[in-house]
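Quick note: the sequence shown uses this note's numbering, first residue 183, plus one each step.
A short write-up of the structure that comes next.
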Amino acid sequence: MTKSGIYLDYAATTPVDPRVLRIMLPYFNKKFGNTMSLHSFGQEAKSALEESREEVASLIGAEPNEIIFTASATESNNLVLKGIAWACRNKGKHIIISSIEHPCIMESAKWLESQGFEITRLKVDKYGLIHPDDVRKAIKKETILVSMIHASNEIGTIQPIKEIGKICRERGVYFHTDATQSFGKIPIEVNSMNIDLLSASSHKMYGPKGAAILFVRKGTKIEPLLHGGGQEAGLRSSTVNVPAIVGMAQACRIAKKEMKDEGRCLTRLSNKLISGVLRKIPGSHLNGHPKKRLPNNANFWFEGVEGESIVVQLDLLGIAVSTGSACSSAKLEPSHVLLAIGLKHEEAHGSLRLTLGRWTKESEINYLLKVLPEVIKNLRKISPFKKSFKF
Ligand SMILES: Cc1ncc(COP(=O)(O)O)c(C=O)c1O
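Below is the structure:
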């Protein structure tokens with residue numbers, strides 16, 4: 183429970199872990215040097231940066247010099263799509279993504295399309311799974327990049343990344359995965375999983391906003407988006423945000439130690455939440471895969487109610503939840519992910535995403551299970567859609 187109530191929107195962003203905040207503070211006003219300066223202030227900042235790089239790299243089995251720090255996963259994803267497109271355009275102009283990517287991949291791909299690139303958007307099944315065989319069939323001579331989300335930010339489905347990566351490796355095509363929701367939550371190993379490029383963001387894993395990474399396998403051809411002082415091996419010029427990066431590294435250190443136990447605990451709580459909702463609320467359905475899902479994600483659609491109304495009613499009761507991804511829930515369009523798994527517009531509008539985290543307590547899940555059935559019942563009484571559903 184936070185000061186203002188129960189927070190069940192950890193996929194949108196997480197609070198900074200106090201252990202992370204503590205380590206960051208000196209880097210704002212005591213160890214504040216610019217990593218490019220030759221004097222001792224600069225060198226102190228530079229060593230903090232390089233230690234952080236080692237820590238982050240070790241969480242995914244990468245080499246430290248394969249980690250590029252950026253400011254957000256949005257930036258990392260833009261860098262991958264546009265940077266690979268530009269660097270490899272003489273080899274080919276075909277890129278494969280899935281139909282359930284985050285908007286920063288979808289929109290970058292759309293922009294590349296307007297610049298003459300060809301984009302294939304692979305379909306997913308009713309659980310949101312991409313089938314590796316579809317990737318195999320879609321790759322052609324001109325394909326330069328396959329980019330697939332690791333775990334869905336909306337429905338939590340975890341993709342068969344290792345198999346997809348293997349296919350890309352065999353066909354000599356770069357493979358990128360957007361691991362923003364899975365990084366620090368489930369094990370990732372870039373070598374055994376055949377990953378060439380990977381994006382992740384600090385604020386989704388108890389670190390601060392303003393730090394993120396792009397893992398770039400040694401030898402990958404990629405052009406920068408930002409030109410300037412040549413920081414981050416020339417791939418991301420800008421004065422380095424040392425406090426945020428030191429914070430992200432500490433979040434990785436904690437994740438490495440606690441991921442297993444935390445995952446087990448979150449799986450137990452989310453299973454309780456899922457079975458409780460499905461049992462107590464008639465006309466409720468789980469979105470995403472029942473087993474191949476993130477330990478902290480539960481996503482439902484409810485017949486005859488609008489997700490936004492549920493969010494408002496729960497907020498009045500002190501519970502913060504979401505209808506979909508943080509980035510698209512402000513629009514009133516149904517989520518492209520829910521449409522991709524086969525939901526009709528009115529079904530997708532009735533969706534609710536509950537994402538648990540490090541400080542979620544069982545008592546909070548019990549409280550939610552107590553109030554949600556009543557909220558849905560009351561909303562259905564005034565629902566304009568009530569005739570289209572039987573519940
Ligand atoms: C899967 C995924 N990719 C990318 C992003 C964008 O991350 P950032 O907020 O760091 O730009 C998000 C954020 O919701 C996400 O969930």
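No residue lacks a Cβ here, since even glycine has one placed at the ideal position from N, Cα and C.
- Under DSSP, His276 takes part in a beta bridge, and its partners are Glu300 and Thr325.
- In the DSSP assignment, Asp360 falls outside any alpha helix (DSSP H) and lies within the beta strand (DSSP E) extending over Tyr356 to Asp360.
- For the segment 491–561, the full-length beta strand (DSSP E) segments reaching 3 residues or more read 533–537 along the chain.
- The segment 276–294 makes contact with the segment 325–342: 3 or more CB pairs, one atom from each, lie closer than 8 Å.
- For Arg475, the three-state secondary structure derived from DSSP is strand.
- Within the same chain, Met218 and Ser419 come within 7 Å of Gly411 by CB-CB distance, once the 5 residues on both sides are set aside.
- The nearest non-hydrogen atom of ligand 1 is 6 Å or more from the C-beta of His527.
- Partner residues in the beta bridge of Ile395, as assigned by DSSP, are Phe251 and Ala382.
- For ligand 1, a non-hydrogen atom lies closer than 6 Å to the CB of Asn335.
- Between Leu448 and Leu538 a beta carbon distance of about 5 Å is seen, short of the 8 Å cut, so the two are scored as contacting.
- Under the three-pair Cβ rule at 8 Å, the segment 379–397 counts as touching the segment 427–434.
- For Leu468, the uninterrupted beta strand (DSSP E) segment begins and ends at Ser466 to Asn469.
- Three or more beta-carbon pairs separated by less than 8 Å are not found between the segment 433–447 and the segment 300–314, which leaves the two stretches without contact.
- Assignment of Gly187 by DSSP, reduced to helix, strand and coil, places it in the strand class.
- In this structure, Leu451 is the residue among His467, Asn478, Glu529 and Leu451 with its C-alpha nearest to the C-alpha of Tyr549.
- According to the DSSP secondary-structure assignment, Ala333 is paired through a beta bridge with Ile340.
- Three or more beta-carbon pairs drawn from the segment 456–470 and the segment 478–490 are found closer than 8 Å, and the two stretches are therefore classed as touching.
- The beta carbon of Leu551 lies closer than 6 Å to those of Gly458 in the same chain, with the five residues before and after it left out.
- Taken through DSSP and simplified to helix, strand or coil, Ala193 comes out as coil.
- Three or more beta-carbon pairs drawn from the segment 233–242 and the segment 363–383 are found closer than 8 Å, and the two stretches are therefore classed as touching.
- Per the Cβ contact rule, the segment 550–565 is in contact with the segment 486–506 (3 or more Cβ pairs under 8 Å).
- In the structure shown, Phe365 falls within a coil segment according to DSSP collapsed to helix, strand and coil.
- Rounded to whole angstroms, the separation of the alpha carbons of Glu544 and Val398 is 39 Å.
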